[in-house]
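Heads up, the thing below is written out as structure tokens.
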């Protein structure tokens, strides 16, 4: 409410309509327009969608935070960090030296920076539009949650993560290559060839590290 200057009486409607408002903005099946969509078009609609999803999925998110707690350490890359829940939690960890929050959407970056100052951890976060802007060649932990299915070439990003991970680094990834029963997730990639290349790259470049938490997020080290 404070960040977007929304009246309390308008907040419920803002969150309730978030998913449909975002879906209606999407350019459809054009993967070439996806980056511009997330960079420029979504505005505060993405914040609303993510906030609403966090409220409805709080148990799942709690488990992903427990997973982070097991593995996150030293230099952390949070790629496509959204509204910053995982980046902020990592910044609060004594095992984490610094978090590099990467998101192409300026509204998201500004909101997470705003939250970090409110929570007193602003000194442990750096905000960037791209991985290259971090100027870090090796990360000890990479967090990429609910992002890969939005990318036109998710296999390419797995290659990128592999290059910036050391032999003891851990990556925490999940994905959902599905547009939904009624196309409620038009922004998710489901192209058969793209998805197959993703899994081939994952199996070639990474080895799964077991964790006992029953969630879709997996943990990986370099193969």
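Numbering (my numbering), first residue to last: 1 to 223.
Virtual Cβ for every residue (Gly too), placed ideally from N, Cα, C.
Please report the distance separating the alpha-carbon of residue i from that of residue j.
i	j	result
residue 115	residue 188	27 Å
residue 183	residue 166	39 Å
residue 88	residue 157	23 Å
residue 107	residue 14	16 Å
residue 271	residue 90	Lying outside 1 to 223, the shown extent of the chain, residue 271 is not represented and no answer is given.
residue 154	residue 142	15 Å
residue 11	residue 203	43 Å
residue 59	residue 195	28 Å
residue 52	residue 192	29 Å
residue 213	residue 63	7 Å
residue 198	residue 132	22 Å
Relative to the C-alpha of residue i, which candidate in the options has its C-alpha closest?
i	options	result
residue 130	171, 93 and 80	80
residue 210	102, 69 and 220	220
residue 68	53, 48 and 85	85
residue 174	149, 127, 3 and 180	149
Classify residue i as helix, strand or coil using the three-state DSSP reduction.
i	result
residue 211	coil
residue 77	strand
residue 55	helix
residue 229	In the structure as shown, the chain starts at 1 and stops at 223, and residue 229 therefore has no counterpart that could be examined.
residue 202	helix
Between residue i and residue j, is the Cβ-Cβ spacing less than 8 Å?
i	j	result
residue 100	residue 76	yes
residue 138	residue 127	no
residue 74	residue 102	no
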